[in-house]
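The block underneath contains the structure these notes are about, expressed in C-alpha cells.
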Amino acid sequence: MSFSTLGQQILISLLTVFFYGLALPLLFSWVLTLINRNTKQRLATYYGMNSQVYLGFLGIIVHESSHLIMALLFGHKITGLRLIKFAHPDRQATDPEALTLGYVNHRWNSGNSYQTMGNFFIGFAPIIGVSAVIFGITAWLWPTMFHNWVMFAMHPTLSNLFQPATSDGNLLVNTVRWIIWAILVTNLSVGGFDLSSADLRNSGAGVSSYIVLLGLIGLSAGVLTSSFTEWSRAHLVPVFFALSLVVVLSAVVNVVTRWLTKDK
Numbered sequence: 001m002s003f004s005t006l007g008q009q010i011l012i013s014l015l016t017v018f019f020y021g022l023a024l025p026l027l028f029s030w031v032l033t034l035i036n037r038n039t040k041q042r043l044a045t046y047y048g049m050n051s052q053v054y055l056g057f058l059g060i061i062v063h064e065s066s067h068l069i070m071a072l073l074f075g076h077k078i079t080g081l082r083l084i085k086f087a088h089p090d091r092q093a094t095d096p097e098a099l100t101l102g103y104v105n106h107r108w109n110s111g112n113s114y115q116t117m118g119n120f121f122i123g124f125a126p127i128i129g130v131s132a133v134i135f136g137i138t139a140w141l142w143p144t145m146f147h148n149w150v151m152f153a154m155h156p157t158l159s160n161l162f163q164p165a166t167s168d169g170n171l172l173v174n175t176v177r178w179i180i181w182a183i184l185v186t187n188l189s190v191g192g193f194d195l196s197s198a199d200l201r202n203s204g205a206g207v208s209s210y211i212v213l214l215g216l217i218g219l220s221a222g223v224l225t226s227s228f229t230e231w232s233r234a235h236l237v238p239v240f241f242a243l244s245l246v247v248v249l250s251a252v253v254n255v256v257t258r259w260l261t262k263d264k
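Under UniProt numbering, the first residue of the sequence shown carries the number 1, and numbering increases by one thereafter.
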C-alpha cells in the first residue's frame, strides 16, 4: 500500500469515526431535546410546572436512572440522588435543586481520563436509556410494530415500516395493548428526552477526552483495515434509523401537546 493510499484510508476512517461517534449522536440529542423541551415548556406553562411529573414521571425516572447507571459504569462517586421529585419554585433561595424534577449528583477524579471521559456519556445517557425502554416496551406490547421497526432500521424503506400487522390476539386485547403502549411511550417522551443545561455542561467536561479516544480509534482502524467504513455503515446506520423513529414519536407527542394547549 502506498503512503498516499494509507493516508487517504486513515482520513476516511477518522471522518467515519467522528461522523458516527460524535456528529450524529449530537444531532439526534439536539433534535430530541429541542422537541421535548418545547413539549415540557407548553405543559408547564398551561398546566403548571409539576404537570411534567404527572404526565412524564416514568420518563423522568428512566432519565435519572440512565445518568446513575452510566455514572457508576465510569466509576463516579454518587453524592446525591433523587430519581423523581416535585419542583418547588418557592424554595429557590435555599435549595439549589428546587426547580429540578430529579437529579444525580456525582464526583469524579479529574486526573483519571476514563472517569473524565465518562462525563460525556453520563450527560447523554438519557437519550440511550429512554430510547432503549421505548423499544423494549414496543417489543413487549406491540411485537409486530417492533418487528417493522427492526426491518426498517436494517432496510429503511416505507414498505418495511408499514408492513401489515399480524394479529397478536383478539381485537379487545390489541386495543388495550395499543392504549397502554401509547400512554407509556408518551410518558417516556414527555419526561425523558429533554437534556438539561446541567446535562450538557456535564457532557462538555468529558468531550475532550472522548474526542481523543475517537481519534485514536479512527487512526488505528485506518492503519489496520480498509473495511472500517463499510463495517460502520452496516452496523451503525441501523441504530440511527431506529433513533429516527424515536424522533418521530417525540414529534407526534409534541403535536398532540400543542393541540391540547392551543386554546389555553
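Heads up, the beta-carbon is just placed ideally off N, CA and C, and yes, glycines get one too.
- The bridge partners DSSP lists for Y103 are R82.
- In the three-state reduction of the DSSP assignment, K77 falls in the strand class, which pools E and B.
- Per DSSP, the continuous alpha helix (DSSP H) segment holding F146 begins and ends at 143 to 154.
- Taking each of G118, A93, I128 in turn and checking the Cα distance to L32, the smallest one comes out for I128.
- Taking V104 as reference, the option from S110, M70, S131 with the minimal CA-CA separation is M70.
- DSSP, reduced to helix, strand and coil, places W140 within a helical segment of the structure shown.
- Between the segment 32 to 46 and the segment 111 to 119 there are fewer than three C-beta pairs closer than 8 Å, too few to call the two in contact.
- Under the DSSP assignment, R91 falls outside any alpha helix (DSSP H); it carries neither an H nor an E label.
- At least 8 Å separates the beta-carbon of S196 from that of G59.
- The beta carbon of R91 sits closer than 7 Å to the beta carbons of A98 from its chain, once the five residues preceding and following it are set aside; these are given in chain order.
- Its chain contains T39, R42 as the residues whose beta carbon lies nearer than 6 Å to that of T257, once the 5 sequence neighbours on both sides are disregarded; these appear in chain order.
- The segment 123 to 140 and the segment 221 to 240 do not touch, with fewer than three beta-carbon pairs separated by less than 8 Å.
- Going by beta carbons, L213 and L14 fall outside the 8 Å limit.
- Counting the other CB atoms within 10 Å of its CB gives L224 a total below 16, which places it among the exposed residues.
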